[in-house]
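Working notes for the structure below.
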Amino acid sequence: MILTDDQRLYTGITTDMQRRWQQHTSGKAGARFFRGRKPQQLCFLELHPDRSSASKREYAIKQLARTAKENLLQLTDGNTRVLLAELQLNLPDQPA
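So, in structure tokens, the structure goes:
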């Protein structure tokens, strides 16, 4: 999930997080969701063994109410930071 400058949460899937983050931040080839919005922070990241399981999880998260998504973020905040470090992702404009 990505938090935007207008405090909305975007949920999507990718096979290359670094590339996808750059697409979203550059405004080129990113999701339509980001037209008129800027991504501020990658706040949730999960790894899945295949596209099918990732798509199912994406759908499940998109069905959640905002408060449920916020609860998920609180429960997994440390895990996302660990994953970012383990994957050695360098996402510009990420808060420390």
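Under our numbering, the residues of the sequence shown are numbered 1443 to 1538, in order.
Even glycine gets a Cβ: it sits at the ideal position worked out from N, Cα and C.
Ranked by Cα distance from Asp1492, the first of Thr1457, Arg1462, Gln1516 and Phe1486 is Thr1457. Sixteen is the threshold: when 16 or more other Cβ atoms of the shown chains lie within 10 Å of the Cβ of Leu1484, as they do, the residue is buried. 8 Å or more divides the Cβ of Arg1477 from the Cβ of Asp1447. Apart from the 5 residues on each side of it in sequence, Ile1503 sits with its Cβ closer than 6 Å to the Cβ of Thr1453 in its chain, given in chain order.
Here Gly1469 is exposed, its C-beta having fewer than 16 other C-beta atoms within 10 Å. With a threshold of 16 other beta carbon atoms within 10 Å, His1490 falls short and is exposed.
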